[in-house]
Amino acid sequence: MFIEQIPVWLRFIKGIKWRFSHKKKTIYLTFDDGPIPEITPWVLDLLDKYHIKATFFCVGENVSKHPQLYQEILRRGHQIGNHTYKHIKALCTPNEEYFANVEKAASLIHSKLFRPPHGLMRYSQIKELRKHYRIILWDVVPRDYNRKLSPEKVLQKACRYTRNGSIIVFHDSLKAEKNMTYALPRYIEYCLSKGYQFELL
512 MFIEQIPVWL RFIKGIKWRF SHKKKTIYLT FDDGPIPEIT PWVLDLLDKY
562 HIKATFFCVG ENVSKHPQLY QEILRRGHQI GNHTYKHIKA LCTPNEEYFA
612 NVEKAASLIH SKLFRPPHGL MRYSQIKELR KHYRIILWDV VPRDYNRKLS
662 PEKVLQKACR YTRNGSIIVF HDSLKAEKNM TYALPRYIEY CLSKGYQFEL
712 L
């Protein structure tokens with residue numbers, strides 16, 4: 512199980528990006544699982560308030576249901592990435608079925624960025640997908656989706672593990688709403704107070 516940071520062994524697989532240069536005081540803010548009408552607009556407004564651009568790894572099925580919200584993400588100057596069509600688990604899915612699901616999402620999400628749900632793939636899947644996509648994982652995941660964690664604990668984890676070049680993932684999902692809406696603005700304030708800048712992938 513992946514907790515706050517990607518396991519060391521995954522960091523050396525060619526074709527996967529989990530962190531950027533430690534020499535720059537820069538953070539890369541990303542969101543998974545949207546777009547969701549009850550959550551994503553709130554995130555977009557918050558990012559506008561701080562003049563921050565982020566990357567949204569969208570689920571194709573949600574894009575199909577909410578195309579106008581997907582276009583609003585783009586209109587506001589954010590990046591988008593492919594997060595499969597059905598948010599399926601790679602390890603439980605035959606390769607051809609998994610690749611077809613990614614490509615179905617790609618018909619709606621025109622991006623060369625890809626993030627596998629749960630951050631897990633077989634090596635054979637990585638080998639194929641890295642031919643066509645930049646595979647983006649993360650350096651920090653504060654588990655905002657975990658309802659057993661308090662909002663304060665999520666914020667604490669996000670701040671504790673952030674460092675130069677970190678790619679952090681929050682979730683614009685109903686499951687994460689309580690924790691994310693508490694932690695995200697406070698996390699942004701924390702990072703700005705420490706002199707970090709936010710950039711796109």
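Residue numbers (this note's numbering): 512 to 712. Every residue, glycine too, gets a C-beta built ideally from N, C-alpha and C. Model, not experiment: these values are computed from the prediction.
Asked, Found
"Less than 9 angstroms between the beta carbons of T541 and R626, yes or no?", "yes"
"State the CB to CB distance for the pair L619 and I584, rounded to an integer number of angstroms; the pair is presumed to be in contact (CB under 8 angstroms).", "No, L619 and I584 are not in contact; Cβ-Cβ is about 13 angstroms, not under 8 angstroms."
"Which word fits Q636, buried or exposed, when buried means at least 16 other C-beta atoms lie within 10 angstroms of its C-beta?", "buried"
"Can you pull the DSSP bridge partners for D655?", "None, per the DSSP bridge assignment."
"Assign V613 to one of three DSSP states: helix, strand, or coil.", "helix"
"Name the residue from G571, H621, Y707 and P605 whose alpha carbon lies nearest to the alpha carbon of R633.", "P605"
"So P552 and N573 are supposed to be a Cβ contact under 8 angstroms. How far apart are they, rounded?", "Between N573 and P552 the Cβ distance is about 13 angstroms, and since that is not below 8 angstroms, they are no contact."
"So, H594 versus K623, is the Cβ gap smaller than 9 angstroms?", "no"
"Would you mind reading off the limits of the beta strand (DSSP E) that contains D650?", "Here D650 belongs to no beta strand (DSSP E), and DSSP marks it neither H nor E."
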